[in-house]
Each structure stands twice: as C-alpha cells, then as structure tokens.
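In the UniProt record's numbering, the protein residues as written are 1 to 498. Think of the CB as a built atom: it goes at the ideal place given N, C-alpha and C, for glycine as much as any other residue.
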Amino acid sequence: MDFRYDQSVALDDVPVLSVADWRQEVAAQMRGDRRLLALFGLPEEGGAGLCALLRQDGEQAIRAVRTAPLSAYEALTPDCPQAHLFERELWEQWNIRPEGHPWLKPVRFVPHGCLTDAPGERPGPGQITHYRVEGEEVHEVAVGPVHAGVIEPGHFRFQCYGENVMHLEISLGFQHRDVERRLLGGPQPAHARLMECVAGDTSIGHATAYATALERLAGLTVPERANRLRRLGLELERLANHTGDLGAIAGDTGFLPTSAWNGRIRGDFLNLTAEVCGNRFGRNWVCPGGVALDVDAAICARLLDRLRHCWRDVRESVKVMFAAASVQDRLEETGALGGGTAQALGLVGVAARACGLTRDARFDVPLSCLPLCETQPRVEKGGDVLARARVRSRELADSVDLACTDIQALSHTEGETCLPLPECLPARRLAVAEVEGWRGEICHVAVTDGEGRLACYKIYDPSFHNWAGLEAALRGEQISDFPLCNKSFNLSYCGHDL
C-alpha cells in the first residue's frame with residue numbers, strides 16, 4: 001500500500017503478502033523507478049517478517065510491503081544490487097537468510113540473530129573471508145582499521161595489478177554501539193541525546209530525523225518558528241562540513257591555500273552553531289516537538305553579519321581552488337562513477353547528485369511548508385571527484401541563501417518553538433522520516449507495538465548506501481588515488497556502524 005511521506009500508517013492496513021508475492025512486488029518496484037528506503041525485520045509473534053519501504057524520486061508516496069514471520073526467502077540482491085547491504089543486515093540481526101545472496105557476510109559483526117533468541121557466535125570485526133583476485137602479478141594491500149590520522153577505524157582490502165585497483169572491499173563495524181536496540185521500548189528523554197551521537201558530525205541531521213519520526217507517529221505539527229530554527233541548524237551543519245570537505249580535497253591535491261583557509265572557515269561556521277545552542281556540533285538544538293532553544297533579534301543580527309563574512313571568505317577560497325589548472329587536472333576523471341551504477345547501488349546525497357541523479361530530500365519530501373527560495377538540487381554529470389567537489393561548492397551558496405532567509409525571518413517574528421508529545425504514542429503504527437543531511441538522505445523508521453512503545457527503530461545514515469559507491473569508484477583507478485576519492489565521498493564510519 002502507499003501512504004504520504006509525512007503521515008504515519010497503521011500496520012494492520014499494510015497487507016501481509018506471501019514471500020513469493022512480496023519478492024515479486026519489491027523487485028518490480030526497484031526495476032522500475034522506485035528505490036529502497038528501508039528493508040528490515042518487523043517483529044511479530046513467532047519471529048520477524050520482512051518490511052520494505054520504497055519511494056520514487058520526486059514523488060511523496062511511500063510504498064510499504066510486508067510478510068508474515070519467516071526464516072528464509074529468495075534474495076533480492078542478484079536482481080537488485082541496492083538491496084545487498086539491507087539483506088546482509090537482515091541475516092545478521094534476525095537470522096533471516098536471503099537464499100542466493102552472492103556474498104553473505106556480516107555488516108557490523110553483531111551477535112548472529114542479535115534481535116532474536118537464536119544462538120550464534122559473534123565473529124570479531126574484520127574476521128571474514130575477503131574476496132581475492134588470483135594471479136602471479138596480483139597483490140593485496142590491506143589498510144586499517146588503525147589509520148595514520150586521527151580518524152575512525154575501518155578496514156580496506158585492495159586487490160591490485162601493479163598500481164591499478166581491480167577490486168576494493170571495505171569492512172566496517174568496529175564502532176558498533178547497538179544504537180537501534182537501545183531505542184526499543186521508548187521513546188525516552190535520553191534518546192534524543194543518543195541520536196546526536198549516531199554520527200557526531202551530523203548531530204542536527206539525526207536529531208531532526210528522530211524527532212520527525214516521533215512527531216509523525218503522534219500526528220503532531222511542529223510550529224513554523226521551530227521549523228525555521230531546525231532548517232537553520234541543518235544548513236549551518238551543511239556549510240561547515242562542505243567547507244571542510246572542499247579543504248580536505250584541496251589538501252589531497254597538494255593545493256595548500258584552500259586547504260589552510262577552509263580549515264579556519266569551517267571553524268567559523270561551527271562557531272555560528274555554538275552561538276545559537278552552545279555547542280559547535282549542534283548538540284541540544286533539536287528536540288521532539290520542535291527545538292530546545294530560541295534566538296532574539298540581537299543574536300540574529302550577529303549571526304547574519306558573521307554568516308555573510310564567512311560566505312565571502314569561503315567563496316573566494318573555493319574560487320581560487322577551482323581556478324587552478326593543477327587542481328582541475330588532478331580532480332577531473334578521478335574516481336568516476338556512472339549514473340547507471342549510482343542508480344543500481346542506490347546512492348544518495350552529494351555522491352548521487354554528482355552522478356546526475358536529481359535526489360534531494362529537501363525538495364522531494366520537505367520537512368515543512370517553508371519556501372526553498374530559488375534553490376534547487378545541484379546536479380553534475382561527471383561522477384568524478386571534480387563533480388563531487390562542484391556539487392558541494394554550489395550547495396554552499398544555496399545553504400547561505402536559506403540560512404540568511406531564516407535568520408531574517410526569525411529576527412522580526414515570534415512564535416512557539418516546541419509542542420509537547422503525547423505521553424503515549426498510537427499503537428501499531430509506522431512512520432518514516434527522511435532528512436537531507438549534509439552527506440545525503442538520512443532515513444529513520446519508527447514502529448510502535450500494541451502499547452504505543454517503540455517495537456522497531458531503523459536508522460539509515462547516507463553512508464550506509466554510499467560505501468559501496470566508494471568501492472565501485474576505485475575500480476580501475478590507481479591505488480594512489482584512494483585518499484582523494486575517499487575524501488570526496490567523506491563517509492561516516494560510526495553512522496554506518498551504529
């Protein structure tokens with residue numbers, strides 16, 4: 001059945017299909033124009049059934065398809081590659097086996113069947129059989145999980161022929177914290193703070209998704225002022241991280257002026273966030289029902305002045321980088337990914353838009369009725385590092401426009417900033433929240449039990465979709481291009497590991 005993205009749906013209204021009919025329906029939808037938002041185990045008496053949520057880009061209807069509890073089914077991945085990680089997660093969490101999955105291995109190395117009572121030993125992170133390319137002149141390069149910089153842990157296994165990468169396999173899960181299971185039985189007041197830790201550089205994005213999911217379950221409409229403050233937080237988060245990413249890309253090309261300038265300017269954008277909420281990463285900004293803060297005219301005046309100053313700085317810094325022939329030569333045709341591959345893998349956010357996909361939750365499934373000024377999804381065609389950098393550069397201008405609009409509106413208007421949620425959420429309902437974080441689409445799915453408590457909560461950070469894109473982008477590239485390609489995606493380890 002279909003339901004509007006901004007409304008919840010009663011579980012009992014979603015038809016329970018046979019496994020064969022479910023697979024046929026989901027595969028047909030993905031072969032068409034819909035993509036997989038979520039695929040997870042839906043707890044019921046006797047185990048867990050399958051639940052898939054799909055939506056077409058540019059449309060606001062979500063298709064929900066589910067089954068009765070089961071232990072195995074014919075895998076979708078051979079026909080629909082974007083399902084590969086979802087199905088591995090299903091097997092790992094619920095012990096539901098996707099028969100015929102081409103490479104069934106752990107996602108986060110949690111106890112096998114961790115959400116059921118099924119016994120199983122937990123393998124350690126990285127303790128898997130890696131894909132190997134055989135040949136006398138083929139060699140293997142292993143990188144991580146401990147890296148040279150102060151970054152998150154992840155293991156990268158390259159199969160190389162000389163300097164050329166034939167295959168890259170990325171193994172994560174070292175930072176698994178069991179976030180989803182901690183939410184079961186909620187919502188609890190502490191859970192809003194937990195959401196800010198899903199991915200620390202996307203605190204506002206994940207907190208907004210969590211709050212939106214609960215509000216849609218409750219049928220609560222957030223006040224306009226709260227929506228403006230939320231959007232301001234999201235755009236400041238985007239500005240800081242896009243600025244930092246462009247500086248990191250410049251650094252990996254050896255172009256030090258923009259690398260140095262953007263490091264400082266990123267800090268200036270983070271300080272704008274701290275001006276509002278007291279924390280540079282946006283902690284304590286968003287809460288269920290609205291926001292946990294407000295701004296007065298004096299704060300708005302300071303924000304506007306400092307924002308315009310930061311924009312002048314970053315605009316010139318990025319302009320200098322793109323004007324350098326050495327930068328253009330280094331970025332162009334490096335780590336290129338075709339639009340067809342991006343579509344098949346289900347990429348989202350900057351990585352998808354750089355491949356020509358018009359995919360932006362701000363426009364497809366907006367969080368509010370606030371006008372988006374003259375902004376639009378910023379799309380490039382090259383799919384390479386240069387395209388990913390250009391998408392970020394163009395989105396900087398859009399974020400400044402939206403942030404300035406919201407600051408000016410907040411300075412001369414008043415209104416409520418938060419409404420209370422009911423003590424108990426409606427029973428047996430499902431709600432979806434899609435938020436365009438700075439990396440891409442964040443998707444949270446909340447399902448309540450018969451008493452209105454959270455029986456299932458799913459979190460999909462954009463990195464969940466996009467790590468496969470980085471693997472594909474390295475095929476045929478020189479291994480020396482990996483750091484630059486990695487920076488151009490800049491995916492979250494902890495957002496994937498949960």
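*Helix, strand or coil: which one does DSSP assign to Lys-458?*
Strand, per DSSP.
*With DSSP as the reference, label Asn-95 as helix, strand or coil.*
Note: Asn-95 maps to coil in three-state DSSP.
*Could you give the distance in angstroms between the alpha-carbon of Val-445 and the alpha-carbon of Ala-323?*
Straight-line spacing of the CA atoms in Val-445 and Ala-323 works out to 43 Å.
*For Tyr-310, which residues of its own chain have a beta-carbon under 8 Å away from its beta-carbon, when the five flanking residues on both sides are left out?*
First, the residue type needs correcting, since residue 310 is Cys and not Tyr in the sequence shown. Leu-239, Ile-265, Asp-268, Phe-269, Leu-272.
*Straight-line CA distance for residue 507 to Leu-183?*
The shown model of the chain, from 1 to 498, leaves out residue 507, and the question about it has no answer.
_Which of helix, strand or coil DSSP assigns to Gly-440_ = DSSP places Gly-440 in the coil class of the three-state scheme, outside both helix and strand.
*Cα separation between Pro-119 and Leu-430?*
At Pro-119, the pLDDT of 46 sits below 50, so the modelled position is not reliable and the matter cannot be decided from this model.
_For Arg-308, count the other beta carbons within 10 Å of its own beta carbon; 16 or more makes it buried, fewer makes it exposed. Which is it?_
Under the 10 Å beta carbon count, Arg-308 is surrounded by fewer than 16 other beta carbons and is classified as exposed.
*What three-state label does DSSP hand Gly-144 in the structure shown?*
Here Gly-144 sits in coil by DSSP.
*Please report how far the alpha carbon of Asp-117 lies from the alpha carbon of His-147, in whole angstroms.*
Only weak support is given to the placement of Asp-117: the predicted model assigns it a pLDDT of 49, under 50, and the value that follows is read from those uncertain coordinates. Rounded to the nearest angstrom, the two C-alpha atoms are 36 Å apart.
*Where the alpha helix (DSSP H) through Thr-243 begins and ends*: From DSSP, the alpha helix (DSSP H) with Thr-243 extends over 224–252.
*Counting Cβ pairs closer than 8 Å, one from the stretch 84–93 and one from the stretch 37–52, do we hit at least three?*
The stretch 84–93 and the stretch 37–52 touch, with no fewer than 3 CB-CB distances between them shorter than 8 Å.
*Under the DSSP definition of a beta bridge, which residues are partnered with Phe-489?*
According to DSSP, which records beta bridges pairwise, Phe-489 is partnered with nothing at all.
*asked:* Quick check: what's the CA-CA separation for Ala-209 versus Ala-325?
replied: The alpha-carbon of Ala-209 is positioned some 41 Å away from that of Ala-325.
*Would you identify the three-state DSSP class for His-155, choosing helix, strand or coil?*
The three-state secondary structure of His-155, taken from DSSP, is strand.
*In chain order, what residues of the same chain have a beta carbon less than 8 Å from the beta carbon of Asp-401, not counting five sequence neighbours either side?*
So the list reads Cys-373, Glu-374, Thr-375, once near-sequence residues are dropped.
*State the beta-bridge partners of Asp-2 as determined by DSSP.*
According to DSSP, which records beta bridges pairwise, Asp-2 is partnered with Arg-63.
_Extent of the continuous alpha helix (DSSP H) run through His-309_ = Where His-309 is concerned, the enclosing alpha helix (DSSP H) starts and stops at 297–323.
*Answer yes if the stretch 129–141 comes into contact with the stretch 158–178, meaning at least three C-beta pairs across the two stretches below 8 Å, and no otherwise.*
Because the criterion of three Cβ pairs below 8 Å is met, the stretch 158–178 and the stretch 129–141 touch.
_Whole angstroms are fine: how far does the CA of Ala-361 sit from the CA of Ser-492?_
Inter-residue distance for Ser-492 and Ala-361 is about 19 Å (C-alpha atoms, whole angstroms).
_According to DSSP, simplified to helix, strand and coil, what is His-412?_
Residue state, collapsed to three classes: coil.
*Counting Cβ pairs, one atom from each stretch, are 3 or more of them under 8 Å apart for the stretch 289–303 and the stretch 348–363?*
No, the stretch 289–303 is not in contact with the stretch 348–363.
_Suppose you measure from the CA of Asp-313 to the CA of Pro-145; what does that come to, to the nearest Å?_
Distance from the CA atom of Asp-313 to the CA atom of Pro-145, rounded to whole angstroms, is 36 Å.
*Limits of the beta strand (DSSP E) - the one that Ser-171 falls within*: Per DSSP, Ser-171 belongs to the beta strand (DSSP E) from 164–171.
_In the DSSP output, which residue or residues are listed as bridge partners for Glu-44?_
According to DSSP, which records beta bridges pairwise, Glu-44 is partnered with Gly-47.
_Are the CB atoms of Val-391 and Ala-354 within a distance shorter than 8 Å?_
In this structure, Val-391 lies closer than 8 Å to Ala-354 by Cβ.
*According to DSSP, is Leu-270 helix, strand or coil?*
Leu-270 sits in a helix when the DSSP states are folded into three classes.
*Please name the residue or residues paired with Cys-287 in a DSSP beta bridge.*
In the DSSP output, where bridge partners are listed per residue, Cys-287 has Gly-290.
*Please name the residue or residues paired with Gln-56 in a DSSP beta bridge.*
Listed as beta-bridge partners of Gln-56 by DSSP are Arg-34.
*Could you tell me which residues DSSP puts in a beta bridge with Gln-24?*
Paired residue(s): none; Gln-24 is not in a bridge.
*Identify whether Ala-199 lies in helix, strand or coil by the three-state DSSP scheme.*
Residue state, collapsed to three classes: coil.
*Does the stretch 237–256 come close enough to the stretch 463–472 that 3 or more CB-CB pairs lie under 8 Å?*
Cβ pair count under 8 Å is below three, so no.
_Please tell me whether Ile-128 and Pro-106 are closer than 8 Å, where the distance is taken between their beta carbons._
Yes. Within cutoff.
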